[in-house]
Every structure is written in C-alpha cells, then in structure tokens.
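Visitor: Okay, here's the structure, questions in a sec.
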Amino acid sequence: MWARHVRDRRPFQYVVGNEHWRDLVVAVRDGVLIPRPETEAVVDMVRNVEGFADGWWADLGTGSGAIAVAVARELGPEGKVFAVDVSEVAIEVARLNVQRYGMQDKVEIRHGSWFEPLEDVKGKLMGVISNPPYIPTDDLPRLQPEVGWHEPKLALDGGKDGLEHLLHLCEGLSSVLKPGGFFVFETNGNKQSEFLVDLISTKWSSSFHNVEAVLDFAEIKRFVTGYRR
Amino acid sequence: MELIKELRSKQEEIEGLKSLVTNACEEKDMREMAAEELLETVEEEKRLQHELFRSLLPKDEADERDCILEVRAGTGGEEASLFAMDIFRMYEKYAQKNGWKFDVIGIMESAVKGYKEASGTISGPGAFGKLKFESGIHRVQRVPVTEKSGRLHTSAVSVAVLPQADEVDVQLRNEDLRIDTYRSGGSGGQSVNTTDSAVRVTHIPTGTVVAIQDERSQHMNKAKALKILRARLYEIERQRLHMNRSKLRSEQIGSGDRSERIRTYNFPQGRVTDHRVGITHHSIADVMEGENLDVFIDALLLQEEMDAIASFAA
Ligand SMILES: C[S@@+](CC[C@H](N)C(=O)[O-])C[C@H]1O[C@@H](n2cnc3c(N)ncnc32)[C@H](O)[C@@H]1O
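Residue numbers (numbering that gives the first Met the number 0), protein chains in the order written: chain A, 0 to 228; chain B, 0 to 313.
Okay, structure coming up:
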C-alpha cells in the first residue's frame with residue numbers, strides 16, 4: 000500500500016481515506032476529488048451573506064460533499080443544501096460524509112447534471128455555490144502526478160479554456176436564484192476570474208450586481224462572487 | 000454601594016455595642032458579651048473598609064479574561080526543553096485544579112522529546128488575573144537525566160501569559176496581514192495536492208509573526224494563528240497603556256516583562272523561590288504538580304494591591 004503511495008504518487012489522502020478540511024474529516028476515495036484548502040474559504044463567504052442561515056443553497060458538483068456539509072452545519076432550522084453531482088462515486092461519498100456529520104436532514108443529495116435536478120426549486124435558492132472542473136484540457140497532461148494520474152478527470156477537466164462548465168453555470172444562475180440571491184464560484188485563477196467578472200457585469204449587468212473577484216490566501220483571484228438583482 | 004451600606008450599619012452596630020459596654024447600669028455578663036461582640040464587629044468593619052478601598056482601586060480589565068500561555072526553552076539546551084515540558088504541564092495541572100479548560104495550541108518537540116516551544120489556551124473565570132504574574136524567566140537547577148557525570152545544571156525557560164482578545168478588541172485588517180502557506184507555485188486550486196497545512200501569518204505594521212502547523216487543515220491553523228496574533232497585539236497595546244499610565248507602575252510586578260528572572264526551581268534542595276516577593280516554598284514536587292502555586296500568586300496579588308494603593312495615594 001505504501002509502496003504504491005510512494006512509487007505511483009498516489010495521494011496520501013486516498014491511502015488513508017480521509018482529508019482534513021476546515022474542522023471536518025472528510026472521507027475521500029478514488030473517483031472523488033480531494034477537497035482543496037483554497038475551497039475552505041467558500042464557506043466563510045457563504046456565512047457572510049445576510050440571512051444565509053435560513054436559506055436554501057445549492058452546491059453544484061459537490062464531489063465529496065465537503066462544502067455542502069460545512070455549510071449545512073452552519074444553517075438554522077429553515078436552512079437546507081441541495082448537493083448535486085453527476086458522478087455516482089461522488090454521490091456515494093457525499094452521502095457518507097453527510098451521514099458522518101449527521102446532516103441528513105439538512106443536505107439533500109441529487110444525482111444529475113448541474114441545474115437539471117433542481118427544476119422544482121427554481122427561483123427559490125438563496126445561493127449557488129460551485130467548484131466546477133476548471134482546468135483547461137490542454138493543461139491536464141502537465142499536472143502534478145498526484146492529481147493528474149489519480150484524481151478523476153470528470154472533476155478537473157474544464158474544456159478548452161477551462162471555462163466550459165463555469166460559463167454554463169453563469170448562464171443558468173439567474174433562473175434558479177431568487178432575487179437578492181448570492182453566488183460563489185471557484186476558478187483556476189486570475190485569468191478566469193477576471194474574464195467572468197467582466198462578462199457578468201457587462202453582458203448580464205441587468206441580472207447581477209456587486210460582481211467581484213475574491214483573492215485566496217496566495218493572493219490569487221480564486222473566486223467570483225455576486226448577487227442577483 | 001452595597002458595601003457602603005453594609006459598612007454604615009456595622010458602624011452603627013459598633014456605636015450601639017460601645018454604649019452597652021460603657022453603660023454601668025448593665026449587668027456584668029451582658030457587658031462582657033457586648034465587649035466580645037464589639038471586637039468581632041470592629042474586625043468586620045476593618046475587612047469591609049479594606050474591601051471598599053479595593054473596589055475603588057483601578058482594576059485591570061483584562062483580569063477576567065481567558066489567556067494564552069507560551070512556554071519556550073531558553074539557555075541550557077536539551078535540559079531546558081525538558082524543563083519547559085515540566086513547566087507547561089505544571090500549568091496544565093494548575094488549570095485543572097482551578098476548573099479551567101486547558102487546550103494545547105501547539106508543541107514543538109526537541110530531540111529528547113522535551114518542548115522547544117509550547118503554547119496553549121486557558122479558559123475560565125479570572126484565568127489571566129491569576130496567571131499574569133507567571134510571565135518571565137523561570138530558572139531551574141537540577142541534574143539532568145541526560146547528564147551522566149551527575150553535574151548540576153542551570154537552565155532557563157521563558158513563560159509568557161497573554162490575555163485573550165477577540166475580534167472586537169483587535170480588529171485585523173486584511174491588508175495588514177500576509178498569510179504564507181505551502182505553495183508549489185503555479186495555479187493552485189484543483190491543480191495541486193498538498194498535505195502540508197502549515198500557516199504563517201505576519202502582521203505587517205508590527206512585524207509580528209505567528210506560525211502554526213499543528214492542526215491538519217489550513218483553515219484550523221489559520222484560525223489558531225489569528226487567535227494568537229490578536230492576543231499578542233492586544234498585549235502590545237495593553238503594555239503601551241500601562242506604561243503611559245505611570246512610569247512607576249510599569250516597573251512593578253505583573254508588568255509582563257519577559258526578560259525578568261522571576262523564579263528559581265532548585266531540585267536538589269527541593270525548593271522554589273519567587274524573587275519578586277522573596278518567598279520560598281519547600282515542596283518542589285507539589286509545585287510541579289500544580290499545587291501550591293497559589294502561595295506565590297496570592298503574595299503577588301497582595302503586592303500588586305499594595306502597589307496600587309501606594310500609587311493611588313501618591
Ligand atoms: C472540482 S470537483 C469539486 C468537488 C467538491 N465540490 C470540492 O470542492 O471539493 C468538481 C465536481 O463536479 C462534478 N461534475 C462534473 N461535471 C458535472 C456535471 N455536468 N454536473 C454535475 N456535477 C459535475 C464532478 O463529479 C466533481 O465532483
């Protein structure tokens with residue numbers, strides 16, 4: 000097992016089956032993305048949204064369910080998270096983590112592609128959170144072996160500029176968010192964030208306001224956040 | 000105000016008793032009983048006066064707070080690190096005795112499994128008020144277990160006790176902070192897998208640096224680092240105010256001067272001496288078990304009070 004870890008550059012987190020993320024110990028296994036430290040900040044951004052605790056939230060591409068569980072743990076009695084993923088393995092692992100933290104009443108797991116499983120809650124969401132695959136396809140062969148050789152392509156591959164899923168998410172946003180609703184997306188960094196901020200605040204300026212890029216701890220524009228009008 | 004009322008009624012009582020005692024018409028037994036009671040009541044009056052006086056003295060607002068304990072091995076190499084561990088555990092036991100909560104923040108071990116550095120939080124009513132006198136250099140004299148020739152060593156450990164501060168006391172501005180974490184360079188995010196969660200926070204205006212690596216997630220390490228940073232900055236501010244208030248006071252005990260040698264633990268002779276109040280306790284084992292630290296602390300508290308009275312009167 001250890002030989003495999005060292006020789007094959009198998010991620011340590013897959014070997015032990017867990018990743019420490021915020022104050023959680025998140026179960027992970029082959030086939031789901033190991034949650035990253037950058038993403039920890041997303042939960043703090045959600046917490047800063049006025050009245051967040053009693054809203055309905057969606058975590059799109061929930062993977063291990065890390066974000067969904069961490070947000071759920073902060074919610075009040077009315078609050079709820081819909082955790083969506085297209086991957087069967089992700090759904091299974093997310094379910095495990097939801098159980099691990101006793102969040103079955105707060106997190107509803109739904110299988111499907113992005114907004115598709117959310118038809119019934121359209122226009123009712125207080126917020127949409129997503130860390131979709133955003134690595135440009137061309138960059139995949141050059142990734143750190145722990146990532147490129149072992150983590151699921153489905154969780155990493157963002158298409159030509161890495162923006163394929165992010166753009167799809169931006170387009171669907173306004174129909175699921177309720178007025179005043181919040182969104183936060185993680186991106187590959189400065190280039191993607193700047194592009195998206197620019198796009199949303201020009202092309203969709205009638206639907207969104209306070210759109211901005213937010214820095215991660217390494218001073219990289221890692222997130223795009225904003226509000227629906 | 001309650002105190003004043005109580006004091007008034009005691010004084011009235013005293014008047015009453017006095018007149019009883021001097022009243023020749025009363026029976027002898029009665030007068031003797033009154034005299035006895037008078038003595039007691041006068042004692043009570045004194046106690047109340049003292050308490051009233053104390054309540055008028057300026058209080059250190061930080062006394063009621065929780066605190067952060069930092070212990071560092073100083074001169075004396077590995078032996079110092081072993082003593083640092085003993086001291087750290089002494090406070091842990093002392094905290095337990097007082098019903099306070101003790102949480103380890105981080106420990107940096109030395110080669111012999113002593114502590115190069117250790118820090119923890121101590122939470123409970125009045126924790127800082129009692130432990131603030133512990134800041135300074137603690138010196139130990141003993142034959143180290145690592146020493147084969149049986150020679151006596153002297154080494155030193157520095158202790159710092161800081162009152163805890165929250166977001167309201169110390170508002171940290173993002174632009175004043177530099178946060179360093181493990182980075183392989185490049186894009187970060189989904190492209191990188193790391194198991195290194197160490198975080199180093201630098202407060203740029205003061206140059207204060209706090210590094211934490213004990214927790215397994217970056218989020219937790221950062222939260223801890225910020226907590227310690229707040230306490231440090233709060234302490235800097237507190238010291239500044241303290242100095243301003245009066246030059247004299249800053250030279251008094253409990254000023255938190257960390258370079259002052261405050262106590263010696265002499266193992267061969269089984270004694271602990273506090274150099275500030277000149278008190279020696281002859282059961283070192285008890286002290287190390289967290290017992291009897293109060294002997295020093297109470298004396299130091301009393302001295303603080305007397306200093307306060309002196310500077311109040313001046
Ligand atoms: C980068 S991972 C993020 C996982 C998790 N939210 C996190 O932050 O650790 C992206 C996730 O999106 C999922 N995903 C990819 N395509 C999807 C689609 N069309 N619909 C829903 N989820 C999708 C992947 O299965 C993967 O779990």
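C-beta atoms are modelled at their ideal positions from N, C-alpha and C, and glycine is treated no differently.
Output needed in chain order: residues of the segment 205-219 of chain B with a Cβ under 9 Å from some Cβ in chain D.
Guide: Checking the listed chains, one finds no chain D in this structure; the protein chains it contains are A and B.
Visitor: Report the three-state DSSP secondary structure of M219(B) (helix, strand or coil).
Guide: Helix at M219(B).
Visitor: Per DSSP, which residues does F82(B) bridge with? Please list them.
Guide: Per DSSP, none; premise fails for F82(B).
Visitor: Assuming L153(A) contacts S86(A) (C-beta within less than 8 Å), just tell me the rounded distance between them.
Guide: Contact flag correct, Cβ pair sits at about 6 Å.
Visitor: For a contact defined as C-beta to C-beta under 8 Å, what are the partners of P36(A) on chain B?
Guide: Within 8 Å Cβ-Cβ: T180, T193, S196, S216, Q217 and H218.
Visitor: At 7 Å on the CB atoms, spell out the chain A contacts of S122(B), in chain order.
Guide: Within chain A, no residue comes near S122(B); the closest Cβ sits about 18 Å away, beyond 7 Å.
Visitor: Where does A309(B) fall in DSSP's three states?
Guide: Helix.
Visitor: Using a Cβ cut-off of 9 Å (strictly closer), state whether S118(B) contacts chain A.
Guide: No, S118(B) lies away from the interface with chain A (no Cβ there is under 9 Å from its Cβ).
Visitor: Find the residues of chain A that neighbour Q302(B), judging by a C-beta separation of less than 8 Å, and give them in chain order.
Guide: The contacting residues do not exist; Q302(B) stays about 43 Å from chain A at best.
Visitor: Against chain B, with Cβ distances strictly below 9 Å, would F216(A) count as a contact?
Guide: Yes - at least one Cβ of chain B is within 9 Å of the one on F216(A).
Visitor: Contact criterion: CB-CB distance below 9 Å. Does N96(A) meet it with respect to chain B?
Guide: Closer than 9 Å: no.
Visitor: Would you decide whether C24(B) is buried or exposed? Buried here means 16 or more other CB atoms lie within 10 Å of its CB.
Guide: Burial call: exposed.
Visitor: Over the uninterrupted beta strand (DSSP E) stretch that includes F182(A), give me the two end residues.
Guide: Its beta strand (DSSP E) spans residues L176 to E185.
Visitor: Could you confirm whether any beta carbon from chain B is found closer than 9 Å to the beta carbon of G188(A)?
Guide: Interface residue, yes.
Visitor: Have a look at E60(B) and K100(B) and give me their C-alpha separation to the nearest angstrom.
Guide: Taking the straight line joining both Cα atoms gives about 21 Å.
Visitor: Nearest-angstrom Cα distance between S154(B) and N97(B)?
Guide: Looking at the two C-alpha atoms, the distance is approximately 29 Å.
Visitor: If you follow the beta strand (DSSP E) that D102(B) is in, where does it begin and where does it stop?
Guide: Per DSSP, D102(B) belongs to the beta strand (DSSP E) from K100 to E108.
Visitor: Is H281(B) buried or exposed, if buried means 16 or more other CB atoms sit within 10 Å of its CB?
Guide: By the 10 Å Cβ count, H281(B) comes out exposed.
Visitor: Ignore the nearest five residues each way along the sequence and tell me which others in V48(A)'s own chain have a CB closer than 7 Å to its CB.
Guide: So the list reads G126 and F181, once near-sequence residues are dropped.
Visitor: Please confirm if W56(A) has its CB atom under 9 Å from at least one CB of chain B.
Guide: Chain B, which has no Cβ nearer than 9 Å to the Cβ of W56(A), makes this no.
Visitor: Could you check whether the segment 14-25 of chain A touches the segment 211-218 of chain B, counting it as contact only if at least three pairs of C-beta atoms, one from each stretch, sit closer than 8 Å?
Guide: The segment 14-25 of chain A vs the segment 211-218 of chain B: in contact.
Visitor: Count the other CB atoms within 10 Å of the CB of H208(A); is the residue buried (16 or more) or exposed (fewer)?
Guide: H208(A) is exposed by the Cβ-count criterion.
Visitor: Which bits of chain A does Q163(B) rub up against, with CB to CB less than 7 Å?
Guide: Going along chain A, no residue has its Cβ under 7 Å from Q163(B), so there is no contact; the nearest lies around 19 Å.
Visitor: What I want to know is whether the C-beta of H164(A) ends up closer than 8 Å to one or more non-hydrogen atoms of ligand 1.
Guide: Checking the Cβ of H164(A) against ligand 1 gives yes.
Visitor: Quick check on the DSSP output: what are the complete alpha helix (DSSP H) runs of length 4 or more inside the segment 75-130 of chain A, in order along the chain?
Guide: Qualifying alpha helix (DSSP H) stretches, in chain order: 87-99.
Visitor: Using a Cβ-Cβ cut-off of less than 7 Å, give me the residues of the segment 144-161 of chain A that come near chain B, in sequence order.
Guide: Of all residues in the segment 144-161 of chain A, E145, V146 and L155 have a Cβ within less than 7 Å of some Cβ in chain B.
Visitor: May I ask whether a heavy atom of ligand 1 can be found less than 8 Å away from the beta carbon of N96(A)?
Guide: Checking the Cβ of N96(A) against ligand 1 gives no.
Visitor: Helix or strand or just coil, what does DSSP make of P140(A)?
Guide: Correct three-state label for P140(A): helix.
Visitor: Counting only beta-carbon atoms, is I134(A) nearer than 9 Å to chain B?
Guide: Answer yes: the Cβ-Cβ gap between I134(A) and chain B drops below 9 Å somewhere.
Visitor: When the Cα atoms are used, what is the spatial distance from V111(B) to E77(B)?
Guide: Straight-line Cα distance between these residues: approximately 7 Å.
Visitor: Please list, in chain order, all residues of the same chain as L51(B) whose beta carbon is under 8 Å from its beta carbon, the five residues on each side excluded.
Guide: Closer than 8 Å at the Cβ level, and outside the excluded window around L51(B), lie L2, I3 and L6.
Visitor: Over the uninterrupted alpha helix (DSSP H) stretch that includes V41(A), give me the two end residues.
Guide: Start and end: E39 to R46.
Visitor: Give the straight-line distance between the Cα atoms of Q251(B) and K129(B), rounded to the nearest whole angstrom.
Guide: Since pLDDT at Q251(B) reaches only 44, below the 50 mark, its modelled position is unreliable, and the value read off the structure follows with that caveat. Spanning the two alpha carbons is a distance of roughly 16 Å.
Visitor: Which residues in chain A have a C-beta closer than 7 Å to the C-beta of S134(B)? List them in chain order.
Guide: Chain A residues near S134(B): none, gap ~31 Å exceeds 7 Å.
Visitor: Could you tell me which of V286(B), R275(B) and V276(B) sits nearest to N265(B), measuring between CA atoms?
Guide: Closest by alpha carbon: V286(B).
Visitor: Got a sec: which bits of the segment 139-163 of chain B sit with their beta carbon under 7 Å from any beta carbon on chain A, in order along the chain?
Guide: Going along the segment 139-163 of chain B in chain order, one finds no residue with a Cβ nearer than 7 Å to chain A.
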